[in-house]
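Enquirer: Sending over a structure as structure tokens; questions will come in a sec.
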Amino acid sequence: MWGTPFLSTSAVLPPEKSMQYALTTPFRSTNHNTCSENIAVLSVLPAYTFKMDTYKKIYLLIALLASSFCLGSAGDIVHHDDVAPQRPGCENNFVLVKVPTWINGVEDIEYVGVGARFGLTLESKEKHANFFILALADPPDCCSKPKNKLSGEVILAHRGNCSFTTKANVAEDAGASAILIINNRTELFKMVCEVNETDVQIGIASVMLPQDAGASLEKYLTSSSSVKVQLYSPRRPVVDVAEVFLWLMAVGTILCASYWSAWSAREAAIEQDKLLKDGLDELIHMDGVRSSGIVNINTTSAILFVVIASCFLVMLYKLMSYWFIEILVVLFCIGGVEGLQTCLAALLSCFRWFQPAGESFVKVPFFGAVSYLTLAVSPFCIAFAVVWAVFRSISFAWIGQDILGIALIITVLQIVRVPNLKVGTILLSCAFLYDIFWVFVSKWLFKESVMIVVARGDKSGEDGIPMLLKIPRMFDPWGGYSIIGFGDIILPGLLVAFSLRYDWLAKKNLRAGYFLWAMTAYGLGLLVTYVALNLMDGHGQPALLYIVPFTLGTFLTLGKQRGDLEALWTMGEPERPCRHIQFQPSGS
Numbered sequence: 001m002w003g004t005p006f007l008s009t010s011a012v013l014p015p016e017k018s019m020q021y022a023l024t025t026p027f028r029s030t031n032h033n034t035c036s037e038n039i040a041v042l043s044v045l046p047a048y049t050f051k052m053d054t055y056k057k058i059y060l061l062i063a064l065l066a067s068s069f070c071l072g073s074a075g076d077i078v079h080h081d082d083v084a085p086q087r088p089g090c091e092n093n094f095v096l097v098k099v100p101t102w103i104n105g106v107e108d109i110e111y112v113g114v115g116a117r118f119g120l121t122l123e124s125k126e127k128h129a130n131f132f133i134l135a136l137a138d139p140p141d142c143c144s145k146p147k148n149k150l151s152g153e154v155i156l157a158h159r160g161n162c163s164f165t166t167k168a169n170v171a172e173d174a175g176a177s178a179i180l181i182i183n184n185r186t187e188l189f190k191m192v193c194e195v196n197e198t199d200v201q202i203g204i205a206s207v208m209l210p211q212d213a214g215a216s217l218e219k220y221l222t223s224s225s226s227v228k229v230q231l232y233s234p235r236r237p238v239v240d241v242a243e244v245f246l247w248l249m250a251v252g253t254i255l256c257a258s259y260w261s262a263w264s265a266r267e268a269a270i271e272q273d274k275l276l277k278d279g280l281d282e283l284i285h286m287d288g289v290r291s292s293g294i295v296n297i298n299t300t301s302a303i304l305f306v307v308i309a310s311c312f313l314v315m316l317y318k319l320m321s322y323w324f325i326e327i328l329v330v331l332f333c334i335g336g337v338e339g340l341q342t343c344l345a346a347l348l349s350c351f352r353w354f355q356p357a358g359e360s361f362v363k364v365p366f367f368g369a370v371s372y373l374t375l376a377v378s379p380f381c382i383a384f385a386v387v388w389a390v391f392r393s394i395s396f397a398w399i400g401q402d403i404l405g406i407a408l409i410i411t412v413l414q415i416v417r418v419p420n421l422k423v424g425t426i427l428l429s430c431a432f433l434y435d436i437f438w439v440f441v442s443k444w445l446f447k448e449s450v451m452i453v454v455a456r457g458d459k460s461g462e463d464g465i466p467m468l469l470k471i472p473r474m475f476d477p478w479g480g481y482s483i484i485g486f487g488d489i490i491l492p493g494l495l496v497a498f499s500l501r502y503d504w505l506a507k508k509n510l511r512a513g514y515f516l517w518a519m520t521a522y523g524l525g526l527l528v529t530y531v532a533l534n535l536m537d538g539h540g541q542p543a544l545l546y547i548v549p550f551t552l553g554t555f556l557t558l559g560k561q562r563g564d565l566e567a568l569w570t571m572g573e574p575e576r577p578c579r580h581i582q583f584q585p586s587g588s
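Here the sequence shown is numbered in the UniProt record's numbering, starting from 1 and rising by one per residue.
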């Protein structure tokens, strides 16, 4: 689906010379053709067969899958519901509730329940929450007056046989301070008021517990153990340090990738000028030209991305299971290994001790020409990915996931490029609609947000999919992770990297160029995403809803004001007068 680039360091020249070339008259200074136009002539010569290595195609497929996930999330603790009926006395939000327990005076498991639409709201701070003795309801369903006398205990009852509000009213009348209702399933259920109920002015808290938690507590109580509980619903902090670090990771990743991409583009431009100046003879007598695998996206690719990514997302949603997550882990490891070894080889090549190994190549089946330096770092990268995959369930495995993810993203932004602002605008506009649809609109079609369900890895038994950067929330009483999808970095990162390439080719300084403003706009857009995330109580947000208007809007506005919009929109690089030569196929 990706467009093929014109002749540059990414072009592959076959060793066989299947066509003769004639050298045309050099351009005079009165010719208005540019070097870009002359190079474009070279790109259509039939003697050049542009082929991408198979492993690069696989890598781009993994990149496409990774870019499908565009989500910022911190985990929901408040569940707003516009369907369940609300009225005075029955208008609470559905909040998660912590239920720590003490068995015979010894602290035990902390369970998590969900508060009801009705009843007393719970204390938000643990230090202010009271300790209560837990008692079994008799009868167990608490649909009639309990046989046991209550004096401020929390009563444990089973779901069924009467409404939730009836149970709460019976418990309150019997002297209970709160009621814990055991669900008949392992998941939680939202307790609401029935439409025809009138007695909903309830003065005690009502909390639903999952079936396994209730069964455990019931077992202790039937064995004559003393059980005490606390009930409280802590609020998330307005800003968690994890979000600050995640913001720095996203911005820093695009910053590094942009400079690497711009440096490569400048080196390619210098090489192209040299080839045009020295003539074709040197080029023809080369046994082959190494490929750096640069891929320019075209308009069709930008539109197809949304279609293919949507199909992949629906497939994940429908087939989400443990084995499917395992497949994603394997694909992520393949992409992470390639990204990590590419980044390490490029970084080590900056030191003169490693330059000979970085500039010496050996032909490897399936992979093509590979430097000795890349071969040297590959075992470490493979071992790193395998260790992460095996131990990804431990508490600090997120560090390995983020390292592999950042390396993958930087490498993708080095390989895949938008050639001009037109393609960038189409790509980000499509991604903007894609993100909004699958986070918000999909709720009406699938009864839940497809993007959020897939990102969390629901029904898979795993802690989310691997195509995310994540950091544990350090000061959040609910724990969990702050996450950002790869697509929220890769897609706007393509435009930011393009802005720096343009600035360097146009020889613009930082202030007069576009990169500083595009980078700042991305940072502000991501910041607004996290503000919205906290205002929405941790509900997953389509990050591109905020990032795209900031980044793309800033770029388009500046381009129009500075008079560069036409060059940015069509060519994607400044016009450079060409004093060299043009190559055309001969008639022979």
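Even glycine gets a Cβ: it sits at the ideal position worked out from N, Cα and C.
Let me know if CYS311 comes out buried or exposed under the rule of 16 or more other beta-carbons within 10 Å of its beta-carbon.
Expert: If you number the sequence shown from 1, residue 311 lands on position 311. By the neighbour-count rule (16 or more Cβ atoms within 10 Å), CYS311 is not buried but exposed.
Enquirer: Which residues share a DSSP beta bridge with ALA135?
Expert: In the sequence shown, residue 135 corresponds to position 135, counting from 1. Paired residue(s): ILE155.
Enquirer: Indicate whether the contact test is met: 3 or more Cβ pairs, each with one atom in the region 136–143 and one in the region 158–165, closer than 8 Å.
Expert: A contact exists between the region 136–143 and the region 158–165.
Enquirer: Along the chain, where does the alpha helix (DSSP H) that runs through TYR502 open and close?
Expert: Walking along the sequence shown from the start, residue 502 turns up at place 502. Its alpha helix (DSSP H) spans residues 487–505.
Enquirer: Taking just the CA atoms, how far does LEU421 sit from THR300?
Expert: Taking the first residue of the sequence shown as position 1, residue 300 is located at position 300. Taking the first residue of the sequence shown as position 1, residue 421 is located at position 421. The straight-line gap separating the alpha-carbon atoms of THR300 and LEU421 is approximately 14 Å.
Enquirer: Taking the alpha-carbon positions, what's the ILE303 to ILE294 distance?
Expert: One-based indexing of the sequence shown puts residue 303 at position 303. One-based indexing of the sequence shown puts residue 294 at position 294. Spanning the two alpha carbons is a distance of roughly 20 Å.
Enquirer: State the beta-bridge partners of SER310 as determined by DSSP.
Expert: Looking up residue 310 in the sequence shown gives position 310. Answer is none; SER310 lacks a bridge partner.
Enquirer: Check whether the Cβ atoms of ALA242 and MET571 lie closer than 9 Å to each other.
Expert: Residue numbering aside, residue 242 sits at position 242 when the sequence shown is read from its first letter. Residue numbering aside, residue 571 sits at position 571 when the sequence shown is read from its first letter. No, the Cβ-Cβ distance between ALA242 and MET571 is not below 9 Å.
Enquirer: Thinking SER378 and SER360 are a contact (beta carbons under 8 Å), I'd like their distance in whole angstroms, please.
Expert: By 1-based counting over the sequence shown, the position of residue 378 is 378. By 1-based counting over the sequence shown, the position of residue 360 is 360. Contact doesn't hold; Cβ gap of about 15 Å is too wide.
Enquirer: If we count Cβ pairs, one from each stretch, closer than 8 Å, do we get three or more for the region 165–179 versus the region 259–271?
Expert: no
Enquirer: What does DSSP give as the partner residues of VAL99 in its beta bridges?
Expert: Start at 1 with the first residue of the sequence shown, and residue 99 comes out as number 99. Paired residues: TYR111.
Enquirer: Using the C-alpha atoms, what's the distance from LEU347 back to LYS470?
Expert: Here residue 470 refers to the residue found at position 470 when the sequence shown is read from its first residue. Here residue 347 refers to the residue found at position 347 when the sequence shown is read from its first residue. The straight-line gap from Cα to Cα measures roughly 24 Å.
Enquirer: So, does the region 176–196 touch the region 86–98, judging by three or more C-beta pairs under 8 Å?
Expert: yes
Enquirer: Rounding to the nearest angstrom, what Cα-Cα distance links SER393 and GLY464 in this structure?
Expert: Within the sequence shown, the letter at position 393 stands for residue 393. Within the sequence shown, the letter at position 464 stands for residue 464. Using only the alpha carbons, I get a separation of about 11 Å.
Enquirer: Could you check where the alpha helix (DSSP H) with MET330 kicks off and where it finishes?
Expert: Here residue 330 is taken as the residue at index 330 of the sequence shown, counted from 1. Reading the sequence as shown, one finds Val at residue 330 and not Met. Segment 322–348, the alpha helix (DSSP H) holding VAL330.
Enquirer: Near ALA383, what residues of its chain come up, given a Cβ to Cβ distance below 6 Å and the 5 sequence neighbours on each side ignored?
Expert: Reading the sequence shown from its first residue, position 383 is the one you call residue 383. Excluding positions up to five away in sequence, the list is empty.
Enquirer: Which of helix, strand or coil does DSSP assign to GLN401?
Expert: As a first step, residue 401 is located in the sequence shown; it is residue number 401 there, counting from the start. Annotated three-state conformation of GLN401 is helix, per DSSP.
Enquirer: Leaving out five residues on either side along the sequence, give the residues of the same chain with a beta carbon under 7 Å from the beta carbon of ALA385.
Expert: Within the sequence shown, the letter at position 385 stands for residue 385. If we look at ALA385 and ignore the five residues flanking it on each side, its Cβ neighbours are CYS333, GLY336, VAL337 and LEU404.
Enquirer: Buried or exposed: LEU92, going by 16 or more other Cβ atoms within 10 Å of its Cβ?
Expert: Position 92 of the sequence shown, counting from 1, holds the residue named residue 92. The amino acid occupying residue 92 in the given sequence is Asn; Leu does not appear at that position. Per the 10 Å Cβ criterion, buried.
Enquirer: Would PHE305 pass as a contact of ALA129 if the rule is Cβ separation under 9 Å?
Expert: Start at 1 with the first residue of the sequence shown, and residue 305 comes out as number 305. Start at 1 with the first residue of the sequence shown, and residue 129 comes out as number 129. Taking 9 Å as the Cβ cut-off, PHE305 and ALA129 do not qualify as a contacting pair.
Enquirer: Counting only runs of 4+ residues fully inside the region 152–215, write out the alpha helix (DSSP H) ranges in chain order.
Expert: 164–173
Enquirer: Check ARG352 in the structure and name its three-state DSSP category.
Expert: Here residue 352 refers to the residue found at position 352 of the sequence shown. Residue state for ARG352 is assigned as coil, using DSSP reduced to three classes.
Enquirer: Based on the DSSP secondary-structure assignment, which residues constitute the bridge partners of VAL106?
Expert: Position 106 of the sequence shown holds residue 106. In DSSP, VAL106 forms a bridge with ILE103.
Enquirer: Would you call the region 545–560 in contact with the region 491–499, where contact means no fewer than 3 C-beta pairs closer than 8 Å?
Expert: Enough Cβ pairs lie closer than 8 Å, so yes.
Enquirer: Cutting at 7 Å between CB atoms, please list the residues of its own chain near TRP569, excluding the five before and the five after it.
Expert: Looking up residue 569 in the sequence shown gives position 569. Counting only Cβ-Cβ distances below 7 Å, and skipping sequence neighbours, we find ASN420, LEU421 and LYS422.
Enquirer: Applying the 10 Å Cβ sphere with the 16-neighbour rule, what's the burial state of GLN201?
Expert: One-based indexing of the sequence shown puts residue 201 at position 201. Around the beta carbon of GLN201, fewer than 16 other beta carbons sit within 10 angstroms, so the residue counts as exposed.
Enquirer: Please report the residue range of the alpha helix (DSSP H) in which SER124 lies.
Expert: Taking the sequence shown and counting its residues from 1, one reaches residue 124 at position 124. Segment: none, SER124 is in no alpha helix (DSSP H) and carries neither H nor E.
Enquirer: Can you list, in chain order, the residues of its chain whose CB lies under 6 Å from that of TYR48, leaving out five sequence neighbours each side?
Expert: Along the sequence shown, one-based indexing puts residue 48 at 48. A caution first: TYR48 carries a pLDDT of 30, below 50, which makes its placement in the model unreliable, though a value can still be read off. Within the same chain, TYR48 has no close Cβ partners at all.
Enquirer: Taking ASN183 as the reference, give the member of GLY525, ALA213, THR165 and PRO356 with the closest Cα.
Expert: On the sequence shown, position 183 is the one that residue 183 refers to. Ranking the options by Cα distance to ASN183, first place goes to ALA213.
Enquirer: Determine the closest residue to VAL244 out of GLY559, TYR530 and GLN541, with distance taken between C-alpha atoms.
Expert: Along the sequence shown, read from residue 1 onward, the residue named residue 244 stands at position 244. Comparing Cα positions, the closest option is TYR530.
Enquirer: Suppose contacts are defined by Cβ-Cβ distances below 9 Å. Is VAL154 in contact with ILE133 by that definition?
Expert: On the sequence shown, position 154 is the one that residue 154 refers to. On the sequence shown, position 133 is the one that residue 133 refers to. In contact: VAL154 and ILE133 (Cβ atoms closer than 9 Å).
Enquirer: Just checking, does the region 225–239 make contact with the region 115–130 on the three C-beta pairs under 8 Å criterion?
Expert: yes
Enquirer: Label SER395 either buried or exposed according to how many other C-beta atoms from any shown protein chain fall within 10 Å of its C-beta, with 16 as the threshold for buried.
Expert: The residue you call residue 395 lines up with position 395 of the sequence shown. With fewer than 16 Cβ atoms within 10 Å of its Cβ, SER395 is classed as exposed.
Enquirer: Output the residue ranges of the beta strand (DSSP E) runs that lie fully inside the region 217–246 and measure 3 residues or longer, sorted by chain position.
Expert: 227–230
Enquirer: Check this for me: beta carbons of ALA250 and LEU500, under 9 Å apart or not?
Expert: Along the sequence shown, read from residue 1 onward, the residue named residue 250 stands at position 250. Along the sequence shown, read from residue 1 onward, the residue named residue 500 stands at position 500. With contacts defined as CB atoms closer than 9 Å, ALA250 and LEU500 fail to qualify as a contacting pair.
Enquirer: Counting C-beta neighbours from all protein chains within 10 Å, is the total for HIS80 16 or more, i.e. buried, or is it exposed?
Expert: Along the sequence shown, one-based indexing puts residue 80 at 80. Residue placement at HIS80 cannot be trusted, given a pLDDT of 45 that sits under 50; what the coordinates show is reported in the next sentence. By the 10 Å Cβ count, HIS80 comes out exposed.
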